[in-house]
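A.B. asks: Got a structure here, written out as structure tokens. Questions coming.
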Amino acid sequence: MPSLGYGLFLAINAASVWGGVFPFLPMGFQTPDILLHFFAAQSLAFAVTFFASAAGTYLFPDGARRFMVKAVAAPYIIGWSSLIGAIYLDEAALALVTAGGVLLGIGSAGFYMLWQRLFASMDAHEGNHALISGTAWGSIFYFALHLIPVAVTAYLIPLVFLPLFGLAIVLMSRTIDLDQPMFEDVPKEHPRTYKHVIACVWRTALAMGALGFCTGIMRSLATAEPQVGALVNVLSMLASLIAALILLGVLSAKNVHLNVAVSYRVFFPLVTSAFVLLPLLGSTYVQVLAAVLYALWSVVIMLMMIQCAQVSRDGGINPVFIYGVFGGIVYALHDVGFMGGSFVEQLSMFHIPSLALVAIVAVYFLGIMYFVGEGGFRSAIAEGSMSQIELLSSRPRAAKRPVAVEPGETSGAMQEGAAARRAEAKQASAEAEPQAEG
Numbered sequence: 001m002p003s004l005g006y007g008l009f010l011a012i013n014a015a016s017v018w019g020g021v022f023p024f025l026p027m028g029f030q031t032p033d034i035l036l037h038f039f040a041a042q043s044l045a046f047a048v049t050f051f052a053s054a055a056g057t058y059l060f061p062d063g064a065r066r067f068m069v070k071a072v073a074a075p076y077i078i079g080w081s082s083l084i085g086a087i088y089l090d091e092a093a094l095a096l097v098t099a100g101g102v103l104l105g106i107g108s109a110g111f112y113m114l115w116q117r118l119f120a121s122m123d124a125h126e127g128n129h130a131l132i133s134g135t136a137w138g139s140i141f142y143f144a145l146h147l148i149p150v151a152v153t154a155y156l157i158p159l160v161f162l163p164l165f166g167l168a169i170v171l172m173s174r175t176i177d178l179d180q181p182m183f184e185d186v187p188k189e190h191p192r193t194y195k196h197v198i199a200c201v202w203r204t205a206l207a208m209g210a211l212g213f214c215t216g217i218m219r220s221l222a223t224a225e226p227q228v229g230a231l232v233n234v235l236s237m238l239a240s241l242i243a244a245l246i247l248l249g250v251l252s253a254k255n256v257h258l259n260v261a262v263s264y265r266v267f268f269p270l271v272t273s274a275f276v277l278l279p280l281l282g283s284t285y286v287q288v289l290a291a292v293l294y295a296l297w298s299v300v301i302m303l304m305m306i307q308c309a310q311v312s313r314d315g316g317i318n319p320v321f322i323y324g325v326f327g328g329i330v331y332a333l334h335d336v337g338f339m340g341g342s343f344v345e346q347l348s349m350f351h352i353p354s355l356a357l358v359a360i361v362a363v364y365f366l367g368i369m370y371f372v373g374e375g376g377f378r379s380a381i382a383e384g385s386m387s388q389i390e391l392l393s394s395r396p397r398a399a400k401r402p403v404a405v406e407p408g409e410t411s412g413a414m415q416e417g418a419a420a421r422r423a424e425a426k427q428a429s430a431e432a433e434p435q436a437e438g
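FYI, UniProt numbering numbers position 354 of the sequence shown as 354, with every residue one higher than the one before it.
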């Protein structure tokens with residue numbers, strides 16, 4: 001039940017807030033101006049809602065014990081209705097699309113919070129299995145939606161599909177054991193614990209957010225060409241399905257351990273090289289790169305939810321708080337990539353092509369994020385590193401002055417040191433004798 005409900009939510013969510021296109025709305029409606037305004041409003045509202053959820057949970061922890069499905073579903077329904085209305089009201093299309101983006105961003109983030117709370121409340125094996133299975137079902141449902149006529153699908157989403165996955169989260173939320181430490185926790189009573197948790201996870205969030213930054217840049221390119229967004233949606237959903245099935249197969253046989261920091265070190269040179277090639281290989285390469293990055297992004301979102309649930313279970317941390325902070329960082333970096341990419345594309349500097357400017361900005365910010373994630377200047381100038389080079393001065397050093405000891409007198413410290421050295425020598429010789437005999 002939770003897997004099917006979450007899968008339906010993912011499929012519907014991908015129909016509106018994924019790779020830079022509305023696959024179930026008329027292509028003629030999807031002008032670059034419409035897409036830019038919608039995704040700017042949606043992505044900003046999405047990230048802000050994550051941070052607001054974390055802050056609200058910290059200040060008012062009782063909110064995590066409530067269902068709040070109606071409060072989340074209302075903006076989602078109104079947002080979809082605004083998109084549909086924009087198709088028919090040309091004069092108000094831009095305003096309706098912008099309002100729809102804000103409402104869908106709030107509603108989508110709210111539903112993610114509800115699903116995360118549900119998965120975190122389960123046993124680790126059960127919760128991870130439900131989340132991964134739901135990701136696989138989401139891809140299957142997404143492809144199944146293409147079997148329905150496009151003109152009908154746009155209306156079925158707010159009228160049929162949303163009530164279905166809304167009902168699923170309502171029914172499953174009633175099974176949550178609210179007596180668990182993570183729900184009874186009052187963050188303000190021990191703020192140091194929550195500060196420590198944030199200090200432990202922010203580098204991991206930054207590593208995942210680096211990929212979000214890249215996908216944000218590719219989304220800015222997709223808004224100029226809706227066909228790119230359509231390809232991105234299909235390939236990313238296919239990658240989600242493959243990754244979920246592989247994970248389910250591996251987990252059925254053995255445990256899996258993933259190190260995000262190590263993965264990021266491998267990912268960094270590959271993605272920077274990919275962006276360097278961006279202005280050289282043309283539009284086909286742009287489509288392929290966008291599809292690959294969004295495919296990885298879909299997998300990272302799943303891993304992020306798994307890690308946040310693990311932190312909640314292990315530390316008794318409120319699941320909405322940790323997911324709000326972690327996801328807020330990741331999605332905020334996605335927004336930086338999208339807004340920065342959209343701005344740079346419109347620049348005309350020194351007759352440099354827009355793709356070249358996008359590549360330069362992307363590589364620069366990726367380098368900054370890598371530097372900060374590895375510890376920044378504090379780590380760079382830290383003492384005791386094996387890579388340090390020592391250069392000795394040619395100036396003669398002053399000889400150490402001997403300690404004056406009166407004849408016939410020995411300080412207590414010197415006596416104790418001499419006795420300790422004699423004891424160590426005796427012990428070493430005693431240990432060496434049997435070894436020599438063998």
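Positions of the beta carbon are idealized from the N, C-alpha and C atoms, including for glycine. As the structure is a prediction and not an experimental result, all values here were calculated from the model.
Give the DSSP-derived three-state secondary structure of residue 148 in the structure shown.
C.D. replies: Coil at residue 148, not helix or strand.
A.B. asks: How would you label residue 206, buried or exposed, when you count the other beta carbons within 10 angstroms and need 16 or more for buried?
C.D. replies: By the 10 Å Cβ count, residue 206 comes out buried.
A.B. asks: Identify whether residue 19 lies in helix, strand or coil by the three-state DSSP scheme.
C.D. replies: Caution is warranted here: a pLDDT of 48 is assigned to residue 19, below 50, making its placement in the model unreliable, and the coordinate value is therefore given only provisionally. Note: residue 19 maps to coil in three-state DSSP.
A.B. asks: By a C-beta neighbour count over all protein chains shown, 10 Å radius and 16 as the cutoff for buried, is residue 95 buried or exposed?
C.D. replies: With fewer than 16 other Cβ atoms within 10 Å, it is exposed.
A.B. asks: Could you name the residues of the same chain whose beta carbon sits closer than 6 Å to that of residue 103, not counting the 5 residues immediately before and after it, in chain order?
C.D. replies: Within the same chain, residue 103 has close Cβ partners 75, 78, 79.
A.B. asks: Could you check which residue in 158, 149, 191 has the C-alpha nearest to that of residue 82?
C.D. replies: Comparing Cα-Cα distances from residue 82 to each of 158, 149, 191, the minimum goes to 158.
A.B. asks: Where does residue 392 sit, in a helix, a strand or coil, going by DSSP?
C.D. replies: It is coil, neither helix nor strand.
A.B. asks: Taking only three categories from DSSP, how would you classify residue 13?
C.D. replies: Here residue 13 sits in helix by DSSP.
A.B. asks: Should the segment 27-47 be called in touch with the segment 164-178, which here means at least 3 C-beta pairs below 8 Å?
C.D. replies: No, because fewer than three Cβ pairs between the segment 27-47 and the segment 164-178 fall closer than 8 Å, the two stretches do not touch.
A.B. asks: Kindly indicate which three-state DSSP category residue 209 falls into: helix, strand or coil?
C.D. replies: Correct three-state label for residue 209: helix.
A.B. asks: Please classify residue 408 as buried or exposed, where buried requires at least 16 other C-beta atoms within 10 Å of its C-beta.
C.D. replies: Its pLDDT being 48, under 50, residue 408 is placed unreliably by the model, and nothing is read from it.
A.B. asks: If you draw a straight line from the C-alpha of residue 163 to the C-alpha of residue 9, how long is it?
C.D. replies: The straight-line gap from Cα to Cα measures roughly 10 Å.
A.B. asks: Could you give the C-beta distance for residue 249 and residue 333, rounded to a whole number, given that I count them as a contact under 8 Å?
C.D. replies: About 31 Å separates the two Cβ atoms, so there is no contact after all.
A.B. asks: When you compare only the Cα positions, how much space is there between residue 20 and residue 391?
C.D. replies: Confidence at residue 20 is low in this model, with a pLDDT of 47, below 50, so the placement of that residue should be treated as unreliable; the coordinate-derived value is given next. Approximately 55 Å, taken between the alpha carbons.
A.B. asks: Since residue 214 and residue 271 should fall inside the 8 Å C-beta cutoff, what is the C-beta to C-beta distance between them, to a whole number of angstroms?
C.D. replies: Right, their Cβ atoms sit about 6 Å apart.
A.B. asks: From which residue to which residue does the alpha helix (DSSP H) around residue 277 run?
C.D. replies: Looking at the DSSP string, residue 277 is not in any alpha helix (DSSP H), and its letter there is neither H nor E.
A.B. asks: Taking the alpha-carbon positions, what's the residue 253 to residue 42 distance?
C.D. replies: The alpha-carbon atoms of residue 253 and residue 42 are separated by roughly 40 Å.
A.B. asks: If you reduce the DSSP assignment to three classes, tell me which class residue 358 lands in.
C.D. replies: If DSSP states are grouped into helix, strand and coil, residue 358 belongs with the helices.
A.B. asks: Starting from residue 335 and walking both ways along the alpha helix (DSSP H), at which residues does that stretch end?
C.D. replies: It spans 319-345 - the alpha helix (DSSP H) in which residue 335 sits, taken as one unbroken run.
A.B. asks: Is the Cβ-Cβ distance between residue 51 and residue 328 less than 7 Å?
C.D. replies: Closer than 7 Å, so yes.
A.B. asks: I need the straight-line Cα distance from residue 120 to residue 183, nearest angstrom please.
C.D. replies: Each residue's alpha carbon lies about 10 Å from the other.
A.B. asks: How would you call residue 355, buried or exposed, if buried means at least 16 neighbouring beta carbons within 10 angstroms?
C.D. replies: Answer is buried; the Cβ neighbour count reaches 16.
A.B. asks: Under 8 Å: do the segment 259-266 and the segment 175-182 share three or more Cβ pairs, one atom per stretch?
C.D. replies: Taking 8 Å as the limit for Cβ pairs, the verdict is that the segment 175-182 does not touch the segment 259-266.
A.B. asks: How is the alpha helix (DSSP H) around residue 303 delimited, first residue to last?
C.D. replies: Counting along the chain, the alpha helix (DSSP H) containing residue 303 begins and ends at 282-315.
A.B. asks: Helix, strand or coil for residue 405 per DSSP?
C.D. replies: Interpretation of residue 405 is limited by its pLDDT of 48, a score under 50 that renders its predicted location unreliable; the figure taken from the coordinates is listed afterwards. Residue 405: coil per DSSP, three-state reduction.
A.B. asks: Going by CA-CA distance only, name the one from 48, 70, 2 that's closest to residue 138.
C.D. replies: It is 2.
A.B. asks: Please classify residue 42: does DSSP put it in a helix, a strand, or coil?
C.D. replies: Here residue 42 sits in helix by DSSP.
A.B. asks: Buried or exposed: which applies to residue 337, given that a residue is buried once 16 or more other Cβ atoms fall within 10 Å of its Cβ?
C.D. replies: When all chains shown are included, residue 337 counts as buried.
A.B. asks: Looking at the structure shown, is residue 30 part of a helix, part of a strand, or coil, going by DSSP?
C.D. replies: In the structure shown, residue 30 sits in coil (DSSP, three-state: anything other than H, G, I, E or B).
A.B. asks: In three-state DSSP terms, what is residue 265?
C.D. replies: Here residue 265 sits in helix by DSSP.
A.B. asks: Tell me whether residue 346 is buried or exposed, calling it buried when 16 or more other Cβ atoms sit within 10 Å of its Cβ.
C.D. replies: Residue 346 is exposed by the Cβ-count criterion.
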